[in-house]
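Working notes, structure below.
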Amino acid sequence: MNTLSLRPVSLVAALFLSLFLVACDRQDQAAAPPAATGPSLVEVMQQAKQAGGLLDPPQGQGDMVSPGSTQAVTPFANLKVERAQGDNSYTVGELFIKGETLDGQIIRIRGQVVKFSPAIMGRNFIHLQDGSGDPGNNSHNLVITSDATAQVGDVITIEGVLAANRDFGAGYVYPVIIEQSRVVE
């Protein structure tokens, strides 16, 4: 009798999720990412969601649930970065307030890089803060996906498409995220 109550697709998804979380936390930015083979993490997570696994943990194994995007939030950095120039520029805090209104629009944001996670799901994840937002509700840390690279401590201006309530699966949900972005300064 098999004592595991996870479906095979859930086991595969859990393995990919573990690898994803390790990649998010790695600090060695110079290491070359492994060559991608097989389905992407997003595809595996979608398959697991459709199969009904991973999202409903087995009884007594609730500690296997991913903390998702809450783990990706970085602590509040006490800093003050001036707003980017232009009509479509916002502060981090404003984007969290106006996210649903700005969904799908090209915006410009300027902030300090507080975390950089390279080559995850085919893109780099840049975390920006500008001193605005509320650390009590995690509206101080803006996640941006890009092909660009950045160094922690750099002050950069990014332009990209704002997506509200972006769900990558496995608990990785962002109230606002900037995608298809490029560094403009």
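Residue numbers for the sequence shown follow our numbering, so the first one is 282 and each next one is one higher.
Cβ coordinates follow ideal geometry from the N, Cα and C atoms, glycine included.
These numbers were taken from a predicted model, which means no experiment stands behind them.
DSSP has residue i in a bridge; who is on the other side?
i, result
"Gly-392", "Ile-437"
"Glu-375", "Per DSSP, none; premise fails for Glu-375."
"Gln-410", "Gln-393"
"Arg-447", "Tyr-455"
"Leu-423", "Leu-409"
"Val-442", "Ile-387, Glu-460"
"Arg-364", "Looking at the DSSP assignment, Arg-364 forms no beta bridge with any residue, so it has no partner."
Between the C-alpha atoms of residue i and residue j, what's the straight-line distance to the nearest angstrom?
i, j, result
"Ala-431", "Ser-413", "21 Å"
"Arg-389", "Ala-365", "7 Å"
"Val-395", "Gly-441", "18 Å"
"Phe-449", "Asp-368", "30 Å"
"Val-464", "Leu-376", "18 Å"
"Asp-435", "Arg-391", "10 Å"
"Leu-360", "Asp-411", "6 Å"
"Val-362", "Ala-451", "33 Å"
"Gly-417", "Phe-357", "10 Å"
"Gly-403", "Thr-355", "22 Å"
"Ser-420", "Gly-374", "6 Å"
"Ile-401", "Ile-387", "23 Å"
Counting only the same chain and skipping the five closest in sequence on each side, list residues whose C-beta sits under 8 Å from that of residue i.
i, result
"Phe-397", "Gln-310, Asn-405, Phe-406, Ile-407, His-408, Thr-430, Ala-431, Gln-432, Val-433"
"Lys-379", "Tyr-371"
Write down the C-beta distance between residue i and residue j rounded to the nearest angstrom, noting that I regard them as a contact closer than 8 Å.
i, j, result
"Thr-438", "Glu-466", "4 Å"
"Ser-427", "Ser-462", "4 Å"
Below 7 Å CB to CB, which residues in the same chain sit around residue i once its five sequence neighbours on both sides are set aside?
i, result
"Asp-384", "Leu-443, Ala-444, Ala-445"
"Val-424", "Ala-353, Phe-406, His-408, Tyr-455, Ile-458"
In chain order, what residues of the same chain lie with their CB nearer than 6 Å to the CB of residue i, ignoring the 5 residues before and after it?
i, result
"Arg-447", "Tyr-455, Ile-458"
"Glu-381", "Ala-445"
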